[in-house]
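A.B. asks: Residue numbers for the sequence shown follow my numbering, so the first one is 1307 and each next one is one higher.
Built from N, CA and C at the ideal position, the CB exists for glycine as well.
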Amino acid sequence: MVLGAHSAPRTISADSTGGEMTVLAAYPERRRTWWQKIWDARAAYLFILPAYIPFIVFVLYPLINGLRLSFYEAGVNKAKWRFIGFDNFVRLFTRDDVFIIALKNTFLFVLIVVPVVVVISIFLAVIVFPLPRAAQSFVRMSFYMPVVSGGVVLAMVWIWIFNRDFGLLNYLLEIAGFYKLLGIPKIGWLAQTETALLSLAMVVISWSIGQPLILFLAALGNISEELYDAAKIDGASGWQIFWKITLPLLRPTTLFVLVTTTINVFQVFVVVLLMTLGGPANATQTIVYRIYENAFVFYKYGYGAAMGVVLLLIVGSIAYFQFKLLGQEVEY
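#1: I1515: buried (16+ other C-beta within 10 angstroms of its C-beta) or exposed?
#2: Going by the DSSP bridge assignment, what does R1388 pair with across the sheet?
#3: So, V1419 versus V1565, is the Cβ gap smaller than 8 Å?
#4: Grab me the residues of A1408's own chain with a C-beta within less than 6 Å of its C-beta, minus the 5 sequence neighbours each way, in chain order.
#5: Does the stretch 1447 to 1464 come close enough to the stretch 1532 to 1550 that 3 or more CB-CB pairs lie under 8 Å?
#6: Specify the secondary structure class of V1308 as computed by DSSP and reduced to three states.
#7: What's the gap between the Cα of N1383 and the Cα of T1568?
#8: Please state the DSSP three-state secondary structure of S1455.
#9: Just the Cα atoms here: how many angstroms apart are Y1485 and F1395?
#10: Assuming contact is defined by CB atoms lying nearer than 8 Å, are L1556 and I1426 in contact in what I supplied?
#11: Kindly indicate which residue of F1405, G1381, I1406 and L1375 has the alpha-carbon position closest to the one of F1392.
#12: For my contact list, I1520 and R1446 are in at a C-beta cut-off of 8 Å; report their separation, rounded to the angstrom.
#13: Do the CB positions of L1475 and I1467 come within less than 8 Å of each other?
#14: Would a C-beta distance cut-off of 8 Å place L1503 and L1414 closer than the cut-off?
#15: Which residues in the same chain have their Cβ closer than 8 Å to the Cβ of F1435, if we skip the five residues on either side of it in sequence?
#16: Do the stretch 1568 to 1586 and the stretch 1595 to 1614 meet, that is, are 3 or more Cβ pairs less than 8 Å apart?
#17: Just the C-alpha distance for L1398 and G1614, rounded to the nearest angstrom, thanks.
#18: Let's test the definition: count the other Cβ atoms within 10 Å of the Cβ of N1371 and tell me whether it reaches 16, buried, or not, exposed.
#19: Rounded to a whole number of angstroms, what is the C-alpha to C-alpha distance between W1387 and N1411?
#20: Among residues of its own chain, excluding the 5 on either side of G1381, which ones have a beta-carbon nearer than 7 Å to its beta-carbon?
#21: By how many angstroms is the C-alpha of S1512 removed from the C-alpha of T1560?
#22: In whole angstroms, give me the CA-to-CA distance for Y1656 and L1533.
#23: Tell me the start and end of each unbroken beta strand (DSSP E) in the stretch 1487 to 1561 that is at least 3 residues and wholly inside, in chain order.
#24: Buried or exposed: where does P1360 fall if 16 or more other Cβ atoms within 10 Å of its Cβ makes it buried?
#25: Can you tell me whether A1431 is helix, strand or coil according to DSSP?
#26: Expressed to the nearest angstrom, what Euclidean distance is found between the alpha-carbon atoms of P1491 and F1472?
#27: Do A1461 and V1577 have their CB atoms nearer than 8 Å?
#28: Would V1365 and T1552 qualify as a contact pair, given that the criterion is a beta-carbon distance under 8 Å?
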């Protein structure tokens, strides 16, 4: 092997004619840094920059600022802001009983709403999918209407439904003989601690089904009819077809619906603000409503920011484990 001062290594070997054949082996290329890679693709990054500006302004900056605020005792007067380290977080879990109640209520709320929304959405999609296109459109519109309707309007309707004296729910239960059979007075669904959280869960379920239903209907349309035909020829029952073909092929959509619904329910706020204000006796306190109270009612910005950081960690961790545990079985 012959090396020059600046030449690449040369390997010399004899060819079939007795002559020499020279093979040049280049030096290994130096590993480029991440900054060099970004600089090489600068034109592409410039084209996508306009799409990232809203994300940076409305998501990334508030996120970083909220994280910074969580380490301060911060109120309306910025001149009196004081760095206190992790004191806000220590206070949350050791001295704030209402936050612990809100934490428990939020987890219970998620455990009630998310499974019901996913199961009902799949059930309705399977029933509606074989119907004519006009009927499908009517069902989609009916269930999606609460999504596009104003929260104030929906809250007013549900407040009337749950009213103790002249609400629709108690009227129907009275006609059915429910109260006479049990020998109990009419239930104040939003005024009693035993039923308030469950009542709000019913409201959130009713206006959370629309989007998952549309997604599941679209996913069912992507399943090949040949699979169903082959299963019927083999003598599979309707339940076997659903369990062995339909449900496995709906896994990507199910995972997406599960994660997005979980995130949305953890952030439940409007229904609490409009219908119960966290009462009665903190029975419907949730994390986001507690953040709102501290940050925008009591003007404890730092303390509210600390709650927001805790919520971010909880939601992020749950979403990560959902993808980790359930995403392994997803086939795209």
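C.D. replies: For this structure:
#1: buried
#2: E1379
#3: no
#4: Q1591, T1592, I1593 and R1596
#5: no
#6: Residue confidence for V1308 is low, a pLDDT of 46 falling below 50, so the modelled location carries little weight; the figure read from the coordinates is stated next. Three-state result, V1308: coil.
#7: 36 Å
#8: coil
#9: 46 Å
#10: no
#11: L1375
#12: 6 Å
#13: yes
#14: yes
#15: Q1442, L1523, L1526 and G1527
#16: yes
#17: 11 Å
#18: exposed
#19: 31 Å
#20: Y1605, K1606 and Y1607
#21: 18 Å
#22: Because the chain is modelled from 1307 through 1638, residue 1656 falls outside the range shown and cannot be assessed.
#23: none
#24: exposed
#25: helix
#26: 14 Å
#27: yes
#28: no
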